[in-house]
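Q:
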Amino acid sequence: MARQEIPKTYMPITREDLPKAVYEFVQSELDRVARLAKKATPLLEESGQPGWGKPESSLQDTHFKTFMASTPHFIERAAVANSPDLTRPPNMSISAYVHMLIDQKLITRDIGLEYIAGYEQARCSRCLLSAIMVTMDLTTGVIIIIGSIPLLDGMFDSYRG
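Residues in the sequence shown are numbered from 1333 upward in steps of one, following this note's numbering.
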């Protein structure tokens, strides 16, 4: 068979087309390439832009820094829904406000202190994704503990890109 008569889509790599040693070499290389391709595929936790929610997740298109800066607002909204006297004065720091919520027994000391530490770390760091995710989790936890679960509906909507 002349070379020009071989269809371009035909790849002569079957056992019948090649000598045994060549066939085994081609198969081992194809297996090696398949293993490399699998290793080269990014994992879901590695994909996406730093500082943004991962594609295909519930936080997709959420900008973490913007959301993180507003977490005190969500906590205050949940506390005020519980009692209007819990409005945060404009000159009160987030830390002092969370301590006030701890004193009022609306949140536990452990969760409150963990929220403050996570909030400060996320706010002052150069976009440490893990710290921001912890802060988001703690914010949700604080709001649930305060007892205003309906306030969580649409919580991320205004932070989507």
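Where a beta carbon is used, it is the ideal one built from N, C-alpha and C, also for glycine.
Computed from a predicted model, the values in this text were never measured in an experiment.
(1) Using 8 Å as the Cβ pair cut-off and three pairs as the minimum, do the segment 1409-1422 and the segment 1345-1360 touch?
(2) Return the CA-CA distance between T1419 and E1408, expressed in angstroms with no decimal places.
(3) Which term fits P1482, buried or exposed, when burial requires 16 or more other beta carbons within 10 angstroms of its beta carbon?
(4) In the DSSP assignment, what residue or residues form a beta bridge with H1395?
(5) Terminal residues of the continuous alpha helix (DSSP H) containing L1368?
(6) Can you find the residues in the same chain that come closer than 7 Å, C-beta to C-beta, to A1411, ignoring five residues on each side of it along the sequence?
(7) In terms of residue numbering, what span does the alpha helix (DSSP H) encompassing S1425 cover?
(8) So, using beta-carbon positions, are W1384 and F1396 closer together than 8 Å?
(9) Where does M1343 fall in DSSP's three states?
(10) Rounded to whole angstroms, what is the Cα-Cα separation between A1463 and D1349?
(11) If you run the structure through DSSP and keep just helix, strand and coil, what is R1335?
A: Walking through what the data contain:
(1) No, the segment 1409-1422 does not touch the segment 1345-1360.
(2) Straight-line measurement puts the Cα of E1408 at about 7 Å from the Cα of T1419.
(3) Low confidence applies here, because P1482 scores a pLDDT of 45, under 50, leaving its location unreliable; read the following figure in that light. P1482 comes out exposed.
(4) The bridge partners DSSP lists for H1395 are W1384.
(5) Run containing L1368: 1352-1372, per the alpha helix (DSSP H) assignment.
(6) If the five residues before and after A1411 are omitted, its C-beta is found closer than 7 Å to the C-beta atoms of L1418, L1433, L1438, I1478, all from its own chain and listed in chain order.
(7) Unbroken run through S1425: none, as it is neither H nor E.
(8) If you check the CB distance, W1384 and F1396 come in under 8 Å.
(9) When secondary structure is reduced to three states using DSSP, M1343 falls in the coil class, being assigned neither helix nor strand.
(10) In this prediction, A1463 scores a pLDDT of 48, lower than 50, which makes its location untrustworthy; no coordinate-derived value is stated.
(11) Three-state DSSP puts R1335 in a helix.
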